[in-house]
Amino acid sequence: MTTFLIIFVLVLVAIAIWQMTKIFELSKLKTEDSQVANDKDNRYNGYLLFAFLIFIYGITIFSFYKYTKVLLPEAASEHGGEYDYLMLVSFIIIFFVQTITQALLHYFGYKYKGEKGKKALFFADNDRLEFIWTIIPVIVLAGLILWGLYTWTNIMDINDEDDPLIVELYAQQFNWTARYGGADNVLGGANVRMIDIDKANVLGLDEADPYASDDIIVKELHLPVGRKVNFKMRSQDVLHSAYMPHFRAQMNCVPGMITEFSFTPTITTAEMRLNPDVVDKVKRTNKIRAERAANGEENSDPWEFDYILLCNKICGKSHYNMQMKIIVESQEDYDAWVKSQQTFSQTMASIQ
Ligand SMILES: [Cu+2]
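For reference, each letter of the sequence shown is one residue, going 104 to 455 in this note's numbering.
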C-alpha cells in the first residue's frame, strides 16, 4: 500500500513538472505556434495509447495476482454454488470482450493516427456490420439475463416445504438479535410497540401469545448443517441489511415489515476452518496481527475464522461494527446448544 502511494505521488509530481514545462513553453512567444496537431503530436498520442493499453493490462494482471486471495472461500450454502457459477461465467464473458475490444481500440487508435496527406475513409453506414455488432451482444445479454432470472427465482423461493428452521433476525442500531421458535418452531407475535426494556422484552414479543413463551432469544446465530433455514427479518429503527457473505445471502431489514430469505448451510464452521483458502487467510491475518503487536499496536490475539452476519446498509456511526457470529454445527451440537438456552417465558419469570 505504501509503495503504491509513493508511486502514485511520483506520478503526480511528474505530471506537475510536465504541466509546468508546458506553461513555460507557452509563455515563450513562438512564431510557429499552431493549434492544429502535426505529425509529431499524432505520433506522440499514438504511443500514449499503446502505453495506456499496457497500463490497463498490467493493472489487471497485478490485481488478479494481488487480490484473488482475499476473495471469499467456496460458498457454504446450497444455492451458493449456483450463484458463484453465474458470477464466474458473467465475469469471463466480460473479461474476454474487454480484453479484445480494448486491444483493438488502442491498436487502431495508433495505426490510423493522423498523418499529413492521409485522408479518412468515410461511409455513412454498413448494415451488415451494424447487424453483427448488435445481434451478438443481444444474444449474449439475453442469455445472461434469462439465466440470471432463473437463478434469482430459485434463490428467492421461500417456501415452507422440507420443514425449515424458522429464525428471526432482528436489526437495530447497532446490533443483531436472533430469535428461534422454540420446540414448536413457531415464532410468537411481536411488535416494536410491545418492547419493554424493564422486563427485558427487547424484541417486543407478545407476552399473551402462547407461541412466544418458548421462543429463544440469542446474540449468536447457531444453525444445524443441512437443514433449510427460513429467516424473517425485522428492523427496529432504520434500514439495515442482513449480509451473510459466506452463504451468498443478503436481505434488507425494513422497519414496519418482515422480509424473508432462505438458505441451507452445507459446511460446518469446523469444516470451513480446514478449507485451504480459509487456512491461508487466517495465517496472513495472524501474521499482520503479530507484526502490529510487535509495534505496540492493538490486536495481538490470534484470530480464528467464523462465519459472520454483517450489516450491509450504512445505518449510522457504528454501522461498521454491527455484526453477529454465525456457527454452523451438527444437529446434535445444535440441539445441545438449544437446550442450554433460556426460553422467553423463563427469562420473563426470572426478572419478575
Ligand atoms: Cu445496520
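All C-beta atoms in this analysis are idealised placements derived from N, C-alpha and C, irrespective of residue type, glycine included.
Test item: CB-CB of aspartate 409 and threonine 372 under 8 Å: Yes, they are a contact pair.
Beta-carbon spacing of glutamate 185, threonine 369 below 8 Å: Contact annotation: glutamate 185 and threonine 369 have beta-carbon atoms that are not nearer than 8 Å.
Whether glutamine 276 touches glycine 419 by CB criterion (8 Å): The criterion of a C-beta distance shorter than 8 Å is satisfied by glutamine 276 and glycine 419.
Bridge-paired residues (DSSP) for lysine 335: Answer by DSSP bridge pairing, in chain order: Glu271, Glu363.
Through-space distance from alanine 274 to alanine 286, alpha-carbon basis: Taking the straight line from one Cα to the other gives about 24 Å.
Alanine 274 Cβ short of 7 Å to ligand 1 heavy atom set: At least one heavy atom of ligand 1 lies closer than 7 Å to the C-beta of alanine 274.
Whether aspartate 318 touches glycine 284 by CB criterion (8 Å): Result yes, Cβ atoms of aspartate 318 and glycine 284 sit closer than 8 Å.
Nearest to serine 448 (by Cα), restricted to the options Asp312, His325, Glu394, Glu401: Closest in alpha carbon position to serine 448, among Asp312, His325, Glu394, Glu401, is Asp312.
Selection from Leu156, Gly183, Asn398 that minimises the alpha carbon distance to glutamine 205: Cα-wise, what sits closest to glutamine 205 is Leu156.
contact_flag[the region 142 to 156, the region 187 to 202] where n(CB pairs < 8 Å) is 3 or more: By the Cβ rule, the region 142 to 156 does not count as touching the region 187 to 202, because fewer than three pairs are nearer than 8 Å.
Tryptophan 255 in three-state terms, based on DSSP: Three-state result, tryptophan 255: helix.
Helix, strand or coil at lysine 214 according to DSSP, with G and I counted as helix: Helix.
Those residues which DSSP pairs with tryptophan 279 across a bridge: BP columns for tryptophan 279 point to Ala274.
Three-pair Cβ contact test at 8 Å for the region 393 to 407 versus the region 207 to 216: The region 393 to 407, when compared against the region 207 to 216, does not touch it at the 8 Å Cβ threshold.
For methionine 354: DSSP bridge partner residues: For methionine 354, which the question treats as bridged, DSSP gives the partners Ala345.
Boundaries (first-last residue) of the alpha helix (DSSP H) holding proline 327: In this chain, proline 327 is not harboured by any alpha helix (DSSP H); it is covered by the beta strand (DSSP E) spanning 324 to 327.
Heavy atom of ligand 1 within 7 Å of methionine 354 beta-carbon: Result no, Cβ not under 7 Å from ligand 1.
C-beta atoms of valine 357 and leucine 342 nearer than 8 Å: Taking 8 Å as the Cβ cut-off, valine 357 and leucine 342 qualify as a contacting pair.
Distance CB(phenylalanine 350)-CB(phenylalanine 366) smaller than 8 Å: Closer than 8 Å, so yes.
Within 8 Å, strictly: CB atoms of tyrosine 346 and leucine 413: Inclusion of tyrosine 346 and leucine 413 in the CB contact set at 8 Å is warranted, their separation being smaller than that value.
Any non-hydrogen atom of ligand 1 closer than 7 Å to lysine 416 Cβ: Set against 7 Å, the gap from the CB of lysine 416 to the closest heavy atom of ligand 1 is smaller.
Proximity test, methionine 425 beta-carbon vs ligand 1 heavy atom, cut-off 7 Å: At least one heavy atom of ligand 1 is nearer than 7 Å to the Cβ of methionine 425, so yes.
Three-way DSSP call (helix, strand, coil) for lysine 428 in this model: Strand.
Host beta strand (DSSP E) of valine 321 (start-end): That run of the beta strand (DSSP E) goes 319 to 321.
Threonine 171 to leucine 207 span [Cα, whole Å]: Rounded to the nearest angstrom, the two C-alpha atoms are 27 Å apart.
Phenylalanine 111 Cβ short of 7 Å to ligand 1 heavy atom set: Checking the 7 Å criterion, the Cβ of phenylalanine 111 is out of range of every heavy atom belonging to ligand 1.
Contact test: phenylalanine 277 Cβ vs ligand 1 heavy atom, cutoff 7 Å: Yes, the Cβ of phenylalanine 277 comes within 7 Å of a heavy atom of ligand 1.
Spatially closest choice to methionine 336 from Ala227, Trp255, Phe364, by CA coordinates: Taking only the C-alpha atoms, the option nearest methionine 336 is Phe364.
Among Trp250, Lys416, Asp380, the one whose alpha carbon lies nearest that of leucine 175: Shortest Cα-Cα distance from leucine 175 to any of Trp250, Lys416, Asp380 involves Asp380.
Where alanine 117 sits in the DSSP three-state scheme: Reduced to three states, the DSSP call for alanine 117 is helix.
Which listed residue (Ile203, Lys222, Thr256, Ser193) has its alpha carbon closest to that of valine 243: Distance check between valine 243 and each of Ile203, Lys222, Thr256, Ser193 places Ser193 closest, using alpha-carbon atoms only.
Beta-bridge pairing of aspartate 228 - partner residues as DSSP gives them: Beta-bridge pairing links aspartate 228 to no other residue.
Straight-line Cα distance separating arginine 392 from aspartate 383: Near 14 Å, if we compare the C-alpha coordinates of arginine 392 and aspartate 383.
Separation of aspartate 438 from leucine 306, as counted between CA atoms: So the alpha carbons of these two residues sit roughly 23 Å apart.
Member of Met451, Gly220, Leu308 whose CA lies at the smallest distance from the CA of isoleucine 298: Considering only Met451, Gly220, Leu308, the residue with the shortest C-alpha distance to isoleucine 298 is Leu308.
With 16 other Cβ atoms within 10 Å as the buried cut-off, status of asparagine 304: Answer is buried; the Cβ neighbour count reaches 16.
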